[in-house]
Amino acid sequence: MTSPAAGSSRSTSGTGRTELIRFENVSCGYGGRPVLEGIDLTISKGAIVGVVGPSGAGKTTLLRAMVGAVPRTTGSVTVTGQRVTFGRTPNVGWVPQLETVDWDFPATVNEVVLMGRWRRSPWRPWITSDDRRVVAALLERLAIGGIGDRQIRELSGGQQQRVFLARAMIGDPLLLLLDEPTSGVDIKTRDDILHLLASLNEDGMTIVLTTHEINSVAAHLPWVVCVNGRIVAEGDPDEIFTAAILNETYAADLRVVREGGTVLVADAAPHRLRAALRHTHDGYEHAHHDHDEDRR
Numbered sequence: 005m006t007s008p009a010a011g012s013s014r015s016t017s018g019t020g021r022t023e024l025i026r027f028e029n030v031s032c033g034y035g036g037r038p039v040l041e042g043i044d045l046t047i048s049k050g051a052i053v054g055v056v057g058p059s060g061a062g063k064t065t066l067l068r069a070m071v072g073a074v075p076r077t078t079g080s081v082t083v084t085g086q087r088v089t090f091g092r093t094p095n096v097g098w099v100p101q102l103e104t105v106d107w108d109f110p111a112t113v114n115e116v117v118l119m120g121r122w123r124r125s126p127w128r129p130w131i132t133s134d135d136r137r138v139v140a141a142l143l144e145r146l147a148i149g150g151i152g153d154r155q156i157r158e159l160s161g162g163q164q165q166r167v168f169l170a171r172a173m174i175g176d177p178l179l180l181l182l183d184e185p186t187s188g189v190d191i192k193t194r195d196d197i198l199h200l201l202a203s204l205n206e207d208g209m210t211i212v213l214t215t216h217e218i219n220s221v222a223a224h225l226p227w228v229v230c231v232n233g234r235i236v237a238e239g240d241p242d243e244i245f246t247a248a249i250l251n252e253t254y255a256a257d258l259r260v261v262r263e264g265g266t267v268l269v270a271d272a273a274p275h276r277l278r279a280a281l282r283h284t285h286d287g288y289e290h291a292h293h294d295h296d297e298d299r300r
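In terms of my numbering, the sequence shown is residues 5 to 300.
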């Protein structure tokens, strides 16, 4: 296990794997305002990594830095040993937040997926029979076969997420970057998406995703990076999901419960409120006070 202590150079997948991405003392941001500072991070080929932290902590910026989409003020980013520069994008599949997509844009599933193929070959915008076969096979692989002619706005959130995943994968990328892939979907769809990503990772795909779903990360991902303007900690969630590290990451009072190998994280304040409501000056527990409070 690599040390979770911040400020050191760390590897997301231990020894014996080929390095894919390296950050060395990277600081970056927008309009002269730093968002991330002093980032040292290594991601190995074949890893699957979750990036967690509060809103505005720099999770999306970390992904953007991997593809040269945000200017750096210090440091360097390399992908497969090649230096990434601002505006020069390596072959990476990007899955955006669904909230950023214009769902009124009239496009079919096939058209959306083919946008990823055209990105790789911009001078060949026509559709060939080979293109159609590749799209159909990819949709089948992602368990959404048969919907190629449907408008994307007609789909469920889980189907939409898989369509954009197909668009990202069709260009045979070096790695997949997913920005909040479980945002805005129900619990079953969230778990289905994470199981799908785990399956793709088992097939050799390197994956980095951002998320607010701390408990899902703990259940599904083997490696996590905690970010809040810097890397607070990194490692196996069983080891780094402690109250001290998460409180530092989120600047919030969080409670960590471990039960039967499962890590659960919750806001500590409601637990303290309930405890206060259950105990009066005479020292006896009055559980009915919870219900009285709920009715107010």
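Just so it is clear, CB atoms sit at the ideal spot from N, CA and C, and this is done for glycine as well.
Q.
Between the alpha carbons of F1 and V39, how many angstroms are there, rounded?
A. Nothing about residue 1 can be read from this structure; the chain reaches only from 5 to 300.
(Q) Report the CB separation of G120 from I174 in whole angstroms; it is logged as a contact under 8 Å. (A) Position 116 of the sequence shown holds residue 120. Position 170 of the sequence shown holds residue 174. Yes, they are in contact, since the Cβ atoms of G120 and I174 sit about 4 Å apart, within 8 Å.
Q | Through-space distance from L179 to G50, alpha-carbon basis | A | For the purposes of this step, residue 50 is identified with residue 46 of the sequence shown, where counting begins at 1. For the purposes of this step, residue 179 is identified with residue 175 of the sequence shown, where counting begins at 1. Near 9 Å, if we compare the C-alpha coordinates of L179 and G50.
Q) Would A255 be called buried (16 or more neighbouring beta carbons within 10 Å of its own) or exposed? A) Position 251 of the sequence shown, counted from the start, is the residue given in the question as residue 255. The residue is exposed, with fewer than 16 neighbouring Cβ atoms inside 10 Å.
Q) By Cβ distance below 8 Å, which residues in the same chain neighbour S31 in space, the five residues on each side in sequence not counted? A) Working through the sequence shown from its first residue, we reach residue 31 at position 27. Excluding positions up to five away in sequence, the list reads P38, L40, E41, G42, I43, R76, T77, T78, G79.
Q.
Does M5 pass the burial test, meaning 16 or more other C-beta atoms within 10 Å, or should it be called exposed?
A. On the sequence shown, position 1 is the one that residue 5 refers to. Because the pLDDT of M5 is 35, which lies under 50, any placement of that residue in the model is unreliable, and the number read from its coordinates should be weighed accordingly. By the neighbour-count definition (other C-beta atoms within 10 Å, threshold 16), M5 is an exposed residue.
Q. DSSP state of A170, grouped into three classes?
A. Translated into the one-based positions of the sequence shown, residue 170 becomes position 166. Reduced to three states, the DSSP call for A170 is helix.
Q.
On the DSSP letters alone, give me the boundaries of the beta strand (DSSP E) that N219 sits inside.
A. Position 215 of the sequence shown, counting from 1, holds the residue named residue 219. Here N219 belongs to no beta strand (DSSP E); instead the alpha helix (DSSP H) covers 218-224.
**Q.** CB of V83 within 8 Å of CB of L24, strictly
**A.** Position 79 of the sequence shown, counted from the start, is the residue given in the question as residue 83. Position 20 of the sequence shown, counted from the start, is the residue given in the question as residue 24. Yes, the pair counts as a contact, with Cβ atoms nearer than the cut-off.
Q | Euclidean distance between Cα positions of D135 and M209 | A | The sequence position of residue 135 within the sequence shown is 131, counting from 1. The sequence position of residue 209 within the sequence shown is 205, counting from 1. Between D135 and M209, the C-alpha separation is close to 21 Å.
Q. According to DSSP, which residues form a beta bridge with S80?
A. Locating residue 80 in the sequence shown gives position 76, where the first residue counts as 1. Paired residue(s): E28.
Q | Where R194 falls, given that 16 or more other Cβ within 10 Å makes a residue buried | A | Residue 194 sits at position 190 when you count from the first residue of the sequence shown. Buried: at least 16 other Cβ atoms inside 10 Å.
Q) Do the segment 222-237 and the segment 54-70 meet, that is, are 3 or more Cβ pairs less than 8 Å apart? A) Using a C-beta cut-off of 8 Å, the segment 222-237 makes contact with the segment 54-70, since at least three inter-stretch Cβ pairs fall below that distance.
Q: Apply the 10 Å Cβ neighbour rule to N114 and answer buried if 16 or more other Cβ atoms are within range, or exposed otherwise.
A: Stepping through the sequence shown from its first residue, residue 114 is reached at position 110. With 16 or more neighbouring CB atoms inside 10 Å of its own CB, N114 falls in the buried class.
Q | Nearest to S160 (by Cα), restricted to the options S187, L142, V138 | A | Numbered from its first residue, the sequence shown carries residue 160 at position 156. The candidate whose alpha carbon is nearest that of S160 is S187.
Q: Measure the C-alpha to C-alpha separation of R234 and S133 and round it to an integer number of angstroms.
A: The residue labelled residue 234 in the question sits at position 230 within the sequence shown. The residue labelled residue 133 in the question sits at position 129 within the sequence shown. Each residue's alpha carbon lies about 47 Å from the other.
(Q) Could you tell me the alpha carbon to alpha carbon distance between D242 and R171, rounded to whole angstroms? (A) Against the sequence shown, residue 242 aligns to sequence position 238. Against the sequence shown, residue 171 aligns to sequence position 167. Straight-line measurement puts the Cα of R171 at about 33 Å from the Cα of D242.
Q) How would you write the range of the alpha helix (DSSP H) that A248 sits in, first residue to last? A) To locate residue 248, count along the sequence shown from 1; it is residue 244. A248 -> alpha helix (DSSP H) spans 247-254.
Q: Output the boundary residues of the beta strand (DSSP E) element that contains P94.
A: To locate residue 94, count along the sequence shown from 1; it is residue 90. Note, P94: premise wrong, no beta strand (DSSP E); not H, not E.
Q | Best match in N29, I244, P177, V74 for proximity to T46 [C-alpha to C-alpha] | A | Numbered from its first residue, the sequence shown carries residue 46 at position 42. Checking every option, the nearest Cα to that of T46 belongs to N29.
Q.
Extract the residue ranges of the beta strand (DSSP E) inside the segment 177-222, only unbroken runs of 3 or more that lie entirely within it.
A. The beta strand (DSSP E) runs lying completely inside the segment 177-222 and spanning 3 residues or more are 179-183, 210-215, given in chain order.
Q | Local conformation of Q164 per DSSP, three classes | A | Position 160 of the sequence shown, counted from the start, is the residue given in the question as residue 164. DSSP places Q164 within a helical segment (H, G or I) once states are collapsed to three.
Q | Under the three-state DSSP convention, the category T22 falls into | A | Counted from its first residue, the sequence shown places residue 22 at position 18. Annotated three-state conformation of T22 is coil, per DSSP.
**Q.** Paired residues, beta bridge with L268 - DSSP
**A.** For the purposes of this step, residue 268 is taken as the residue at position 264 of the sequence shown. Beta bridge pairing from DSSP links L268 with V261.
Q) Nearest to V88 by CA position, among R21, A69, L102, T104, is which residue? A) Here residue 88 refers to the residue found at position 84 when the sequence shown is read from its first residue. The shortest C-alpha separation from V88 is found at A69.
Q. Residues in its own chain within less than 6 Å of G85 by CB, not counting five upstream and five downstream?
A. Position 81 of the sequence shown holds residue 85. The same chain holds no residue with a CB closer than 6 Å to that of G85 once the five nearest residues on each side in sequence are set aside.
Q. With a Cβ-Cβ cutoff of 8 Å, do R166 and L198 count as a contact?
A. Residue 166 sits at position 162 when you count from the first residue of the sequence shown. Residue 198 sits at position 194 when you count from the first residue of the sequence shown. Taking a C-beta distance under 8 Å as the contact criterion, R166 and L198 do not qualify as a contact pair.
Q. How long is the line joining the alpha carbons of R321 and V105, rounded to whole angstroms?
A. Since the first residue of the chain shown is 5 and the last is 300, residue 321 is not available in this structure.
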